[in-house]
């Protein structure tokens, strides 16, 4: 149930919102097949997070398949935009369990759980750039980058605020023990 004036506005999906509106209690499947796991372009395995871009494309963190799938509005077939299906690795094109995603304009940020990093992908590129973190299990700052103590530090981040003027990134991480982690980027 939505209360007050809260409403998700997607230009092509929601044209108006009335305070006190409620969601349809019967959901519809917009990606994947209910009850069926798989690796082809219509199936998913262990969805961790979703994001929506300005074109109403839906991005899915398909963790067990080690990929990010993009579904165009009303499409039933996804396109792998990051990762290689069922291939675990630490290369710039691979993941070790993608957990959380955030879409900002034409940029996709992915929390790569067991590589202890956040990867940044620009639109229509499949090679990521390590935006924060690295492949180490301790927390220190090396060459201007923070490395993380454990994989959960990067999982389930839901909000990313980036200010080019101050080079400050604020990641709000909703997990049991760690609520907020601040990172300062090297310029």
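Numbering (this note's numbering), first residue to last: 32 to 218. Where is the CB? At the ideal position from N, CA and C, for every residue including glycine. These figures come from a predicted structure and were not determined experimentally.
Going by the CB atoms, is the gap between residue j and residue i shorter than 7 Å?
i, j, result
"residue 106", "residue 129", "no"
"residue 90", "residue 134", "yes"
"residue 109", "residue 97", "no"
"residue 123", "residue 158", "yes"
"residue 154", "residue 137", "yes"
"residue 80", "residue 92", "yes"
"residue 139", "residue 152", "yes"
Could you tell me which residues DSSP pairs with residue i in its beta bridges?
i, result
"residue 83", "89"
"residue 142", "131 and 149"
"residue 164", "148"
"residue 74", "Answer is none; residue 74 lacks a bridge partner."
In terms of residues, what are the limits of the beta strand (DSSP E) holding residue i?
i, result
"residue 62", "Here residue 62 belongs to no beta strand (DSSP E), and DSSP marks it neither H nor E."
Handout entry: the segment 78-87 in contact with the segment 107-115 per 3-pair CB rule at 8 Å
Key = With the cut-off at 8 Å, the segment 78-87 and the segment 107-115 do not touch.
Practice task
Mind listing, in chain order, the continuous alpha helix (DSSP H) runs of no fewer than 4 residues lying wholly within the segment 87-121?
Solution key: Scanning the segment 87-121 for uninterrupted alpha helix (DSSP H) segments of 4 residues or longer gives nothing; none is fully contained.
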